[in-house]
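Protein chains in written order, with my numbering: chain A, 142 to 484; chain B, 36 to 293; chain C, 3 to 306.
Even glycine gets a Cβ: it sits at the ideal position worked out from N, Cα and C.
Nothing here was measured: the structure is a model prediction, and the numbers come from that model.
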Amino acid sequence: MSGAHPPLYCRPLLHIIFLQAKDALDLVPSMPAIEILGLEKTYSVGFWRKRPKRALHPLTLNVEDGEIFGFLGPNGAGKTTTLKLLMGLVFPTAGSARILGRDWTDASVKAQIGFLPEQPYFYDYLTAHELLEYYGQLSGVPAKQRKQRVEQVLHQVGLRDVQGVQLRKFSKGMLQRVGIGQAILHDPKLVFFDEPMSGLDPMGRREVRDLMEQLKHEGKTVFFSTHILSDAEALCDRVAIIHKGELRGVGAVEDLTSSVQGKVEVIWQGTQIPAAIKALGAECHVSGDRVRAIITENQQDAVIDSLRRDRYRLIAVTPVRTSLEAYFVEKLQRAETVAGRAI
Amino acid sequence: MKARIAHIASNTFREAVRDRVLYNLIAFALLLSGAAVLVGQISIEIEKLVVINLGLTAVSLFGVVIAIFIGIGLVSKEIEKRTLYTVLSRPVRRWEFIVGKFFGLAGTLVVNTFFMAIGVFAAFFYVSRTFARAHSLIFGALYFIVLEFLIICSLALLFSSFSSPLLSAVFAFSLFVIGSFAEDLRNFAGMAHGVSRWFATAAAYLVPNFSAFNVITSIAHEQPVARQLILQNTLYALFYATMALSGAVLIFEHRDLK
Amino acid sequence: MKYRRKITWVAGVCLLLSLTASSLVLHHIDHLRPQATLDEVLFISSPTVIKRASLGYDGLMACIYWTRAVQYFGSRHHYSASSYNLLAPLLEITTHLDPHLLVAYEFGTSFLAPKPPFGAGQPERAIALMQYGILNNPDNWRLYYDLGFVYYMELKDYRNAAETFERGSHVHNAHPFLKILAAQMAQHAGEYQTARMLWSATYQTTQDEYIKRNALRHLRALRVDEDVQRLQEGVTRFGERTGRLPSSMSELLAAEGIAATPTDPDGHPYKMAPEGRIEVRVPDDFPFATKGLPPGYKPKYQDL
Numbered sequence: 142m143s144g145a146h147p148p149l150y151c152r153p154l155l156h157i158i159f160l161q162a163k164d165a166l167d168l169v170p171s172m173p174a175i176e177i178l179g180l181e182k183t184y185s186v187g188f189w190r191k192r193p194k195r196a197l198h199p200l201t202l203n204v205e206d207g208e209i210f211g212f213l214g215p216n217g218a219g220k221t222t223t224l225k226l227l228m229g230l231v232f233p234t235a236g237s238a239r240i241l242g243r244d245w246t247d248a249s250v251k252a253q254i255g256f257l258p259e260q261p262y263f264y265d266y267l268t269a270h271e272l273l274e275y276y277g278q279l280s281g282v283p284a285k286q287r288k289q290r291v292e293q294v295l296h297q298v299g300l301r302d303v304q305g306v307q308l309r310k311f312s313k314g315m316l317q318r319v320g321i322g323q324a325i326l327h328d329p330k331l332v333f334f335d336e337p338m339s340g341l342d343p344m345g346r347r348e349v350r351d352l353m354e355q356l357k358h359e360g361k362t363v364f365f366s367t368h369i370l371s372d373a374e375a376l377c378d379r380v381a382i383i384h385k386g387e388l389r390g391v392g393a394v395e396d397l398t399s400s401v402q403g404k405v406e407v408i409w410q411g412t413q414i415p416a417a418i419k420a421l422g423a424e425c426h427v428s429g430d431r432v433r434a435i436i437t438e439n440q441q442d443a444v445i446d447s448l449r450r451d452r453y454r455l456i457a458v459t460p461v462r463t464s465l466e467a468y469f470v471e472k473l474q475r476a477e478t479v480a481g482r483a484i
Numbered sequence: 036m037k038a039r040i041a042h043i044a045s046n047t048f049r050e051a052v053r054d055r056v057l058y059n060l061i062a063f064a065l066l067l068s069g070a071a072v073l074v075g076q077i078s079i080e081i082e083k084l085v086v087i088n089l090g091l092t093a094v095s096l097f098g099v100v101i102a103i104f105i106g107i108g109l110v111s112k113e114i115e116k117r118t119l120y121t122v123l124s125r126p127v128r129r130w131e132f133i134v135g136k137f138f139g140l141a142g143t144l145v146v147n148t149f150f151m152a153i154g155v156f157a158a159f160f161y162v163s164r165t166f167a168r169a170h171s172l173i174f175g176a177l178y179f180i181v182l183e184f185l186i187i188c189s190l191a192l193l194f195s196s197f198s199s200p201l202l203s204a205v206f207a208f209s210l211f212v213i214g215s216f217a218e219d220l221r222n223f224a225g226m227a228h229g230v231s232r233w234f235a236t237a238a239a240y241l242v243p244n245f246s247a248f249n250v251i252t253s254i255a256h257e258q259p260v261a262r263q264l265i266l267q268n269t270l271y272a273l274f275y276a277t278m279a280l281s282g283a284v285l286i287f288e289h290r291d292l293k
Numbered sequence: 003m004k005y006r007r008k009i010t011w012v013a014g015v016c017l018l019l020s021l022t023a024s025s026l027v028l029h030h031i032d033h034l035r036p037q038a039t040l041d042e043v044l045f046i047s048s049p050t051v052i053k054r055a056s057l058g059y060d061g062l063m064a065c066i067y068w069t070r071a072v073q074y075f076g077s078r079h080h081y082s083a084s085s086y087n088l089l090a091p092l093l094e095i096t097t098h099l100d101p102h103l104l105v106a107y108e109f110g111t112s113f114l115a116p117k118p119p120f121g122a123g124q125p126e127r128a129i130a131l132m133q134y135g136i137l138n139n140p141d142n143w144r145l146y147y148d149l150g151f152v153y154y155m156e157l158k159d160y161r162n163a164a165e166t167f168e169r170g171s172h173v174h175n176a177h178p179f180l181k182i183l184a185a186q187m188a189q190h191a192g193e194y195q196t197a198r199m200l201w202s203a204t205y206q207t208t209q210d211e212y213i214k215r216n217a218l219r220h221l222r223a224l225r226v227d228e229d230v231q232r233l234q235e236g237v238t239r240f241g242e243r244t245g246r247l248p249s250s251m252s253e254l255l256a257a258e259g260i261a262a263t264p265t266d267p268d269g270h271p272y273k274m275a276p277e278g279r280i281e282v283r284v285p286d287d288f289p290f291a292t293k294g295l296p297p298g299y300k301p302k303y304q305d306l
């Protein structure tokens, strides 16, 4: 801020005003984009509909405005069920949700949200241009604006050159891009993606990631489900982990990963794995005249001492960056053991 | 709301056209012109009869087949292929979807019938060389055929809203056949006794009555169609289609879309 | 959720209303077209054409046409019908589609041959129908019986009747009365006893309700005819003896030496009209009676 400085006596005043304003802003919390309140879904399966199958245990979750939220879990965990419930494609057994402050069954909400389902398929007799036009019509985008938007979106997803080609000739990656296009065509405030990276090559995945970042940059909220953790780590502000229909953890990525014990990689010269180290249960790997072991942080001192005692030559000791995968695996394994013990 | 229904309808029409369904018109044209030429050469006083009977029966049958085969895919195919998910994520209500699909399919059939009608008239002109007043009765028969189509479309949509394409086709076709014998079914019901009489009568009234729409034989013999019948048939078709569509809406509104 | 409930209500009400409305309109349409199902028969009465059009589903079509034939005759029998000209084609189509539908042949005997209003008045077509039936079902004695019946009742062709009964009696498992009837034809053709035998045979051996009822009516009529004839002969004898008509029934009975008052099959005593005519009390109860009817009496049509 070059130029005139405020007079000296103004500074404390401004400071006070600034603090007051900040307090005031904090007192008015920004409304969550999605509030899920005890949403639950049980299917009756079987010929006589006798066997109930719980696809989703009561789920309570908030997604804040303007963040990229990852919904993680293995296949069949209930991610798609949750999305379908929110979209109104499936009716809940219990619970409710609010989207952008309104009841999730409110049809006016739909004008503000976009949805990309898993492995989407579109009317293959239409061209990309026609498809976006159609969806624009259904979303109630006025004609003049629609034309403009369609052009814009086609460019944004990189399909401008093939806009006159019928969708039946599109590759999977191109279909995915069309899908994203229809989801953002009407400039919604909140976008839902179900497994947006599935079936894409690394280039495609990179593009989708960039696109999602851009959406966030534009101030939109993105809610996406995936089972590819590295994507979630790279993109998300917060994540939720779901397994067998139950929520296992919610929070910012760093918070979650920091709760997992760190690992350390130790490399030394040798051809065999010493018994003492094997007894610690470490992952060991021998290649050539080097042995590589992954141990936990708190085992570090014991291992190094043991190697020194036996006069091994240490080559490297490197902390391994804890990943979401580790958190994931640990969380799920713990759940399995708890369930196992309970049985 | 109306705009959305119109958009869905026109998209359905576009699908039918692009699906090369309308190529059936070529087959129809070939059939009819072949018959007309053949009959024109034989000339045993019944050429007009043959052309009208064959032509109108073909219009009716082709239309029913198209109605069933497109109609059954209208909803169930969309669910299978999951194109429906993105559509319903729009501010489109489920019932608007059903109604839009109905109008799209009905529109396709009307257009199809229109072109076929031209074919019938052309063939007729070829064999008769004149155009008497009585021959305008063909319009009456065509109108009734279109009414039949409305009923079939609504039934196909009804079945499509809850069952697979194959089953829907079977149901719709069965109802078409039974409906053609609906009056006999009511006769049978009249001769039954006790509880089964009640059930049979109920069934006989639920089944669409297609025999009343089939005036092909009588107009071939230049018998006029009673005006009362035109009115009643129109009402019947409207009420029946409304009934089937209401059923489709009810089912579709409450379905989980897996 | 609220919107969905609203739509459910609207759609549900719509469904019920349109269901009722369509049923009502359908009822109307049925009234507009009482002869609806028979339109095709009017124009295409050739059995071969219909058989071809049935695409192999002959049995079902035969049932349908049989039902139509019964409905046709039954509904026309209500109103004063002077012709049943579609009955023959309907029965012909039915039997052509399914030559083994025996009840159709029986129906033809009972209702094709007799004169209107009791039947179509086409005995020759009935005979043709029976002959077609016999050709396709040579081991069925009943068809011979039906054919002989027509010869006897409608055409009074006793020779052919006797011949047919005779042929029929040789069929395996033929009812023994065929032989008896053949013999009866030869000598006592015009007698009440013979007619009674035939109608009793029909009554006992048919499975069809309509035909059974018809046979019963004929039997009752025969009884009336016989009784009235006997009593009328008594009146004539009285007249020859005394030169005047009996003044009352009791006087007649006394003269004839009959103790109890003769009654008709319903138990009502016969009465005597002033001109010495014997009459039955309620003529409407005996639709086929030819005697004992008051002058100028027009028979009322009974339903099937």
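*Would you check if the region 283-301 of chain A and the region 249-257 of chain A touch, i.e. whether three or more CB-CB distances between them fall below 8 Å?*
Judged by Cβ distances under 8 Å, the region 249-257 of chain A makes no contact with the region 283-301 of chain A, as fewer than three pairs qualify.
*Within the region 435-468 of chain A, ranges of the beta strand (DSSP E) (whole runs, at least 3 residues)*: 454-461
*Return the bridge partner residues of Thr362(A) from the DSSP annotation.*
Leu331(A)
*Could you spell out the range, first to last residue, of the alpha helix (DSSP H) harbouring Lys310(A)?*
Where Lys310(A) is concerned, there is no enclosing alpha helix (DSSP H), given that its DSSP letter is neither H nor E.
*Which residues in the same chain have their Cβ closer than 7 Å to the Cβ of Phe208(B), if we skip the five residues on either side of it in sequence?*
Ile103
*Cβ-based neighbour list, Arg169(C), same chain, cut-off 7 Å, excluding 5 preceding and 5 following*: Tyr146
*Buried or exposed: Ile484(A), going by 16 or more other Cβ atoms within 10 Å of its Cβ?*
Residue confidence is low: Ile484(A) scores 39 on pLDDT, short of 50, so the model does not pin down where it sits. Its coordinate-derived value is still stated next. Flag for Ile484(A) reads exposed.
*Does the region 124-133 of chain B touch the region 251-262 of chain A, meaning 3 or more C-beta pairs lie closer than 8 Å?*
yes
_Euclidean distance between Cα positions of Pro261(A) and Val319(A)_ = 9 Å
*So, helix, strand or coil for Tyr240(B), using DSSP?*
helix
*Cβ-Cβ distance between Ser95(B) and Glu183(B) below 8 Å*: yes
_Alpha carbons only, please: which of Val204(A), Arg243(A) and Leu257(A) is nearest the one belonging to Val122(B)?_
Leu257(A)
_Could you check whether the Cβ of Tyr120(B) sits closer than 8 Å to any Cβ belonging to chain A?_
Closer than 8 Å: yes.
*Which runs of the alpha helix (DSSP H), 4 residues or longer, sit entirely within the region 395-435 of chain A?*
416-420
*asked:* I'd like to know whether the C-beta of Phe287(B) is nearer than 8 Å to at least one C-beta of chain A.
replied: no
*Mapping DSSP to helix, strand and coil, what is His174(C)?*
coil
*asked:* Can you confirm whether Val260(B), when its beta carbon is compared against all beta carbons of chain C, has any partner nearer than 8 Å?
replied: no
*Which chain C residues are close to Tyr240(B), counting only those with a beta carbon under 7 Å from its beta carbon?*
Ser25 and Leu28
_Cβ-based contacts, 9 Å cut-off: residues of the region 241-252 of chain A near chain B_ = Ala248, Ser249, Val250, Lys251 and Ala252
*Can you say whether Met172(A) is buried or exposed, counting buried as having 16 or more other CB atoms within 10 angstroms of its CB?*
exposed
_Buried or exposed for Trp11(C), going by 16 or more other Cβ atoms inside 10 Å?_
Per the 10 Å Cβ criterion, exposed.
*Which residue comes first and which comes last in the alpha helix (DSSP H) that contains Thr222(A)?*
Thr222(A) -> alpha helix (DSSP H) spans Lys220 to Met228.
*For Asp141(C), does the count of other Cβ atoms within 10 angstroms reach 16, so buried, or fall short, so exposed?*
exposed
*Closer than 8 Å to chain C by CB, Trp130(B)*: yes
*Would you verify that the beta carbon of Asn222(B) is, or is not, closer than 8 Å to some beta carbon of chain C?*
yes
*Work out the CA separation of Ile187(B) and Phe120(C) for me, nearest whole Å.*
43 Å
*State buried or exposed for Ser143(A), treating a residue as buried only when at least 16 other CB atoms are found within 10 Å of its CB.*
Bear in mind that a pLDDT of 44 at Ser143(A), under 50, signals an unreliable position, so the model cannot answer this.
*Quick one: what does DSSP say Gly198(A) is sitting in, helix, strand or coil?*
Looking at the sequence itself, residue 198(A) is His, so the reference to Gly does not match. DSSP, read as helix, strand or coil, puts His198(A) in strand.
*For Pro126(B) and chain A, any beta-carbon pair shorter than 8 Å?*
yes
*asked:* With a threshold of 7 Å on Cβ separation, who are the neighbours of Gly219(A) within its own chain once the five nearest residues in sequence on each side are excluded?
replied: Ala196, Leu197, Ile383 and Gly386
*Which partner residues of Tyr184(A) appear in the DSSP bridge assignment?*
As a beta-bridge residue in DSSP terms, Tyr184(A) pairs with Lys194(A).
*Could one say the Cβ of Ala13(C) lies closer than 8 Å to chain B's Cβ atoms, at least one of them?*
yes
*State yes or no: is the beta carbon of Ile369(A) nearer than 8 Å to at least one beta carbon in chain B?*
no
_When Met36(B), Ser111(B) and Phe248(B) are compared against Phe194(B), the one with the closest alpha-carbon_ = With distances taken between CA atoms, Phe194(B) lies nearest to Ser111(B) out of Met36(B), Ser111(B) and Phe248(B).
*In three-state terms, what does DSSP make of Ser237(A)?*
strand
_Output needed for Ala373(A): all residues of its chain with C-beta closer than 7 Å, excluding positions within five of it in sequence on either side, in chain order._
Taking C-beta separations shorter than 7 Å and ignoring five residues to either side along the sequence, the partners of Ala373(A) in its chain run Gly211, Leu213, Thr367, Val380 and Leu465, following chain order.
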